[in-house]
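The block underneath contains the structure these notes are about, expressed in structure tokens.
Residue numbers (the numbering used here): 1 to 176.
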């Protein structure tokens, strides 16, 4: 799979003498016309791709399907194709490591348009996370505005906005 970008958080200046924890994750790209299935998180006021961490020894495709179903209620996940990898180094705020090296494996897929029930984790529910179909250009513009104006933004918004822009370019999705 092609590496789309390697991003270093501004607080991660170098990796010398740092303990690094690697986390493998997946991200799902589901498009219907000019709409994309995203998660809106009220706490951070942003849009993100469905996805999350792989369990130990979990197959990437199986993990992607599990995360997509848990977070959005997606049914009949099919036509899965690799899109690319987003790699990032960001601060780790727990005492066991200094830096988190996150590798996100991104896949396109198709699902049934109607969504089923979600199985969100407690922190996702507490953060106000909700699956939504949204025009990709509206989501990109919204995230760009949040990056420029909000002090509530999370560490993932730069990754998510970059990926949304690459998806829009690759799919040649029209503007509204």
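Virtual Cβ for every residue (Gly too), placed ideally from N, Cα, C. Every value quoted in this text rests on a predicted model; they were computed, and no experiment measured them.
Member of the options whose CA lies at the smallest distance from the CA of residue i
| i | options | result |
| --- | --- | --- |
| residue 125 | 6, 112, 25, 72 | 72 |
| residue 117 | 69, 41, 144, 78 | 69 |
| residue 24 | 58, 42, 32 | 58 |
| residue 170 | 29, 13, 47 | 29 |
| residue 55 | 63, 48, 49 | 63 |
| residue 121 | 52, 44, 150, 48 | 52 |
| residue 83 | 94, 108, 60 | 108 |
Cβ neighbours of residue i in the same chain (closer than 8 Å, five flanking residues each side left out)
| i | result |
| --- | --- |
| residue 140 | 161, 164, 165, 168 |
| residue 181 | Missing from the structure shown is residue 181; the chain here goes from 1 to 176 and no further. |
| residue 50 | 27, 28, 30, 37, 38, 39, 67, 68, 71, 72, 74, 131 |
| residue 85 | 1, 2, 3, 4, 103, 104, 105, 106 |
| residue 147 | 153, 157, 158, 161 |
Burial state of residue i, where buried means 16 or more other Cβ atoms lie within 10 Å
| i | result |
| --- | --- |
| residue 91 | exposed |
| residue 129 | buried |
| residue 13 | exposed |
| residue 19 | exposed |
| residue 201 | Because the chain is modelled from 1 through 176, residue 201 falls outside the range shown and cannot be assessed. |
| residue 65 | buried |
Which residues DSSP lists as bridging residue i, in chain order
| i | result |
| --- | --- |
| residue 30 | 109 |
| residue 100 | 21, 90 |
| residue 163 | Note: residue 163 sits in no beta bridge, so no partner. |
Residue i, DSSP secondary structure in three states
| i | result |
| --- | --- |
| residue 131 | strand |
| residue 78 | strand |
| residue 3 | strand |
| residue 72 | helix |
Same chain only: Cβ atoms within 6 Å of residue i, ignoring 5 sequence neighbours per side
| i | result |
| --- | --- |
| residue 119 | 70 |
| residue 7 | 88 |
Own chain partners of residue i with C-beta closer than 7 Å, once the 5 adjacent residues on each side are dropped
| i | result |
| --- | --- |
| residue 133 | 32, 35, 37 |
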